[in-house]
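What follows is a set of notes on a single structure, which appears directly below.
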Amino acid sequence: MTEPLYRDDAYLAECTATVAAVNDRGGVVLDRTVFYPTGGGQPGDSGLLRCADGREVSIATAVKGDEDDGGPDVIVHVPSDGTEAPAAGESVVAQIDWARRHRHMRVHTCLHLLSAALPYPVTGGQVGDGRGRLDFDIPEATLDKDEIAAELNRLVSGDHPVGTQWITDEELAAQPELVRTMSVKPPSGAGRVRLVRIAELDLQPCGGTHVARTGEIGQVAVTRIEKKGRQNRRVAIELIG
Ligand SMILES: [Zn+2]
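Set out below in structure tokens:
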């Protein structure tokens, strides 16, 4: 497996690593990485691998491995078109596009605040570069963009700490109310699940990357509220700070 350094420290922008394998599609498997792989509605990181001889391999994205790679605990770094992968056994410095990742972290954490501001079941979500959205199961369409934005910015300005804790699969099974997002299976499998807590506002299983305090999100706008199906409302947000 690939040691996911971003999981314990989302602020690591680079690390040294060894190329464990290169798959038949040219994807680079590292023994450890700071690259977040696409999943849970958050895009994979882009960046580069710097080889010992100084050559830089541009990485377009990172994804979880398929069965041939050794399963989802393996992280595959996908080189940009035409970039030759380093060889197995090579030492590299793995470096993410930090500015883009940090926007992902701000948007992702803001979506937690959005789910706290709107206490309805979440049916889907997507983190983008500077924007994001959640889909809610809401029978009555009584949402107001300006009211939601005001509440989000109040929660941002509260500068609440964002932390993580681990519980066992059994503990999660005993508290099904913790799972807010019905369409995304919580990250589990090794017998434990990571919970993300934002002060007293939000507590849910999540494997993504978050900022350390809500103030770091900066000011946000609610850009759209769309009707998606009879009961579904899609709420889109954008960073403006
Ligand atoms: Zn999260």
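Just so we're aligned, residue 0 is where the sequence shown starts under numbering that gives the first Met the number 0, counting upward by one.
Quick reminder that beta carbons are idealized off the backbone N, C-alpha and C, glycines included.
Taking non-hydrogen atoms of ligand 1 into account, the C-beta of G38 is found less than 7 Å away from none of them.
The straight-line gap separating the alpha-carbon atoms of R99 and V92 is approximately 18 Å.
Not one heavy atom of ligand 1 lies closer than 7 Å to the C-beta of C14.
At least one heavy atom of ligand 1 lies closer than 7 Å to the C-beta of C205. For the pair G206 and G88, the CB atoms are not nearer than the 8 Å cut-off. Within the same chain, and ignoring the five residues on either side of R49 in sequence, the residues whose Cβ sits closer than 7 Å to its Cβ are E55, V91, V92, Q94. Here the alpha carbons of I197 and E170 stand approximately 19 Å from one another. With a threshold of 7 Å, the Cβ atom of H107 counts as near ligand 1, since some heavy atom of the ligand is closer than that. In its chain, beyond the 5 residues on either side, D136, I137, P138 have a beta carbon closer than 8 Å to the beta carbon of Q230.
The beta carbon of G129 sits closer than 6 Å to the beta carbons of R102, L238 from its chain, once the five residues preceding and following it are set aside; these are given in chain order. Annotation: C109 is outside any beta strand (DSSP E); the continuous alpha helix (DSSP H) that includes it extends over 97-116.
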